[in-house]
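K.L.:
Take a look at the following structure, please.
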Amino acid sequence: MIARRPSPDHRDAAIAAGRASRIRMEAEPTPTPTLRETADGRRRIEHAWPREARAGRAIQDAIAEHVDTHNSLPADIRTVAGVDIGFEDGGETTRAAIVVLDPSDLSVVEQALVRRPTRMPYIPGLLSFREIPAALDALEQLSALPDLLMVDGHGIAHPKRLGVATHLGLVSGLPTIGVGKKRLTGRHDPAPEQRLAWTPLMDGHETIGAVLRSRVGVKPIFISPGHRIDLGTAIEWTARTLTRYRLPETTRAADRLASRR
């Protein structure tokens, strides 16, 4: 279970307890994934974090029906965060960085960096089970949850429609966008050359993302809805957080934080 953090001045134990329960992993494995509603109205999935493939795939199958690709962002987005998750020590340590930005000027509001022992071996298609526990711990370090998460990785542009951005959205209850550097699945026409132009990423007849030209003369990026957001809004927020670089400032900032030793 994620450790509870007391309020700084200890004056309000109820606030401290509420903060610690915003994002919670089960101390004991949950037999089946459970949908719960938080005090602030988010609906999030709780499930066990297995260490073997069969259990992980069973959880994927069980939670897939809860993925929401309709837009349910708050009317007033005050914070948007980048999430970057990686590994150190030959994969033995999972590192998660979150940088919260003010979308009006992309200034840094808050940040968190955690390192945790990796819970699951690498299994193709189940990378999110390795990555997300540390990301949840990083979210717990923040004084307030961001309104929107932009995750270095894929959302529904995943063979199971459950990339790390989608999975993180389900277990946190927060809106998420996947920002991928490489195609994981699907097909697409060549991306247009003009900045901010895009072409659909398709899997059969289903649109699972967008191949976006974020900067002229460099490779495009792969944007997909994670959870609680549609493709058009995901593209819009990616464009709003782009500067002169290939990647949006959200995930760039998280990558910079993660790179510090």
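For the sequence shown, full-length UniProt numbering begins at 1 and goes up steadily by one.
Yeah, the Cβ is synthetic: ideal placement off N, Cα and C, and Gly gets one too.
(1) With DSSP as the reference, identify every bridge partner of Asp152, one or two as the case may be.
(2) Rounded to whole angstroms, how far is the Cβ of Asp105 from the Cβ of Thr251, which I believe are closer than 8 Å?
(3) Is it right to say Glu88 is buried, meaning 16 or more other beta carbons lie within 10 angstroms of its own, or is it exposed?
(4) Going by DSSP, name the residue or residues bridged to Gln111.
(5) Which one of Arg183, Asp203, His227 and Met150 has the shortest CA to CA distance from Val211?
(6) Considering Cα atoms alone, identify which of Val218, Ala144, His158 and Ile45 is closest to Val100.
(7) Taking Thr166 as the reference, which of Lys181, Ser259 and Ile208 has the closest Cα?
(8) Since Leu73 contacts Ile229 with CB under 8 Å, what's their CB separation in whole angstroms?
(9) So within the region 24 to 80, which uninterrupted alpha helix (DSSP H) runs reach at least 4 residues, ignoring any that extend past its ends?
(10) So, helix, strand or coil for Ser229, using DSSP?
(11) Tell me which residue opens and which closes the beta strand (DSSP E) that Glu206 is part of.
P.N.:
Walking through what the data contain:
(1) Here residue 152 refers to the residue found at position 152 of the sequence shown. DSSP lists Val179 as partners of Asp152.
(2) The residue labelled residue 105 in the question sits at position 105 within the sequence shown. The residue labelled residue 251 in the question sits at position 251 within the sequence shown. No, Asp105 and Thr251 are not in contact; Cβ-Cβ is about 17 Å, not under 8 Å.
(3) Within the sequence shown, numbered from 1, the residue matching residue 88 stands at position 88. Exposed, since its Cβ has fewer than 16 Cβ neighbours within 10 Å.
(4) Against the sequence shown, residue 111 aligns to sequence position 111. Looking at the DSSP assignment, Gln111 forms a beta bridge with Val99.
(5) Reading the sequence shown from its first residue, position 211 is the one you call residue 211. It is Arg183 whose Cα lies nearest to the Cα of Val211.
(6) Start at 1 with the first residue of the sequence shown, and residue 100 comes out as number 100. Checking every option, the nearest Cα to that of Val100 belongs to Ala144.
(7) Numbered from 1 along the sequence shown, position 166 holds the residue referred to as residue 166. Ranking Lys181, Ser259 and Ile208 by CA distance to the CA of Thr166 puts Ile208 first.
(8) The sequence position of residue 73 within the sequence shown is 73, counting from 1. The sequence position of residue 229 within the sequence shown is 229, counting from 1. Yes, Leu73 and Ile229 are in contact; Cβ-Cβ is about 6 Å, under 8 Å.
(9) 53 to 63
(10) As a working mapping, residue 229 is identified with position 229 in the sequence shown. This sequence places Ile at residue 229; Ser is not what is there. Ile229: coil per DSSP, three-state reduction.
(11) Looking up residue 206 in the sequence shown gives position 206. Start and end: Glu206 to Leu212.
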